[in-house]
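Have a look at the structure below before the remarks.
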Amino acid sequence: DAKTTQPPSMDCAEGRAANLPCNHSTISGNEYVYWYRQIHSQGPQYIIHGLKNNETNEMASLIITEDRKSSTLILPHATLRDTAVYYCIVGSVGTSYGKLTFGQGTILTVHP
Amino acid sequence: EPEVTQTPSHQVTQMGQEVILRCVPISNHLYFYWYRQILGQKVEFLVSFYNNEISEKSEIFDDQFSVERPDGSNFTLKIRSTKLEDSAMYFCASSVDRYFTEAFFGQGTRLTVV
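The listed protein sequences correspond, in order, to chains A and B.
Plus 8 on top of the position in the first sequence (first one is 1) and you've got my numbering.
Plus 12 on top of the position in the second sequence (first one is 1) and you've got my numbering.
Dropping the structure here:
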């Protein structure tokens, strides 16, 4: 699986958009980009995933660059409860059987 | 919202003992997984399971570990002869498909080996 690079930490003011970047320059054509988060050692929580196109759901938006070498997770209106470790993961379609490689992630701190 | 349920939330066991960690995946999910996280370290994949057999396993998942779906609802991880280094948070997860899209994780079982 392709390796990802994320900033170790970021801050965001409550109510503002949080934009979390991720580099995955060695991504291959059949690899998805997944975003998960982990709030204080709870189980990881699925946020969003995408292959090529930008995606949006009730939690977040995922913007993938045209060359697919990087992506940005956007939390449109961050709240204090969004403080968590955010993981950007790249995984193969069809062959991984859930074998995702979590990195260190980005610690997002949302402050009042 | 549907959830994956894990029991117990915390298990303390003596070194060398066997433990069974239990999980109830989401009812219409077909793919099941175990991950673990040693305190302060990354979340690590252990094993995936589909159609009553292991689909994929990591190097960590050696003969000490086994998984089973003993009935239609439970999914278990057995660790034989536990070691101190098995102390970790163990997470069960399930998904509808093998692409792990929208997989749900349980809240974890904290295993402490003393």
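For glycine and all other residues, C-beta sits at the position ideal for the given N, C-alpha and C.
Any idea which residues DSSP pairs residue i with across the strands?
| i | result |
| --- | --- |
| F103/B | Y47/B |
| T117/A | D19/A |
| S100/A | E39/A |
| F116/B | S106/B |
| K69/B | V59/B |
| Q53/A | R45/A |
For a contact defined as C-beta to C-beta under 8 Å, what are the partners of residue i on chain A?
| i | result |
| --- | --- |
| H54/B | The sequence given here has Lys at residue 54/B, not His. The contacting residues are F110, G111 and Q112. |
| F2/B | Residue 2/B is absent from the model: chain B starts at 13 and stops at 126. |
With a threshold of 9 Å between beta-carbons, can residue i be considered close to chain A, or not?
| i | result |
| --- | --- |
| V24/B | no |
| F77/B | no |
| R110/B | yes |
| S60/B | yes |
| V16/B | yes |
| F116/B | yes |
| Q29/B | no |
Label residue i either buried or exposed according to how many other C-beta atoms from any shown protein chain fall within 10 Å of its C-beta, with 16 as the threshold for buried.
| i | result |
| --- | --- |
| D170/A | What the structure shows of chain A is the stretch from 9 to 120, and residue 170/A is not part of that stretch, so it cannot be assessed. |
| Q53/B | exposed |
| A21/A | exposed |
| T114/A | buried |
| R76/A | buried |
| H119/A | exposed |
| S21/B | exposed |
Would you mind telling me which residues of chain C sit closer than 7 Å to residue i, beta carbon to beta carbon, in chain order?
| i | result |
| --- | --- |
| H57/A | Structure shown: chain C not included; protein chains present are A and B. |
Checking contacts by CB at 9 Å: is residue i closer than that to chain B?
| i | result |
| --- | --- |
| S79/A | no |
| Q14/A | no |
| R42/A | Note on identity: in this sequence residue 42/A is Tyr, with Arg being the wrong assignment. Yes - at least one Cβ of chain B is within 9 Å of the one on Y42/A. |
| Y94/A | no |
In this structure, does DSSP put residue i in helix, strand or coil?
| i | result |
| --- | --- |
| E7/B | This structure cannot settle anything about residue 7/B, because the visible part of chain B is limited to 13 through 126. |
| R122/B | strand |
| R45/A | strand |
| L89/B | strand |
| R89/A | helix |
| P29/A | strand |
| H22/B | strand |
| S79/A | strand |
Can you name the residues of chain A whose CB is closer than 7 Å to the CB of residue i?
| i | result |
| --- | --- |
| F73/B | Residues of chain A passing the Cβ test: none, with the nearest at roughly 11 Å. |
| Q119/B | Q50 and G51 |
| S107/B | G106 |
Against residue i, what residues of chain B qualify as contacts under a CB-to-CB distance less than 8 Å, listed in chain order?
| i | result |
| --- | --- |
| K107/A | F57, S60, E68 and S70 |
Please list, in chain order, the chain B residues whose beta carbon lies closer than 9 Å to that of residue i.
| i | result |
| --- | --- |
| G37/A | Going along chain B, no residue has its Cβ under 9 Å from G37/A, so there is no contact; the nearest lies around 15 Å. |
So residue i contacts chain B; which residues on that side make the cut at Cβ distance below 7 Å?
| i | result |
| --- | --- |
| G99/A | F112 |
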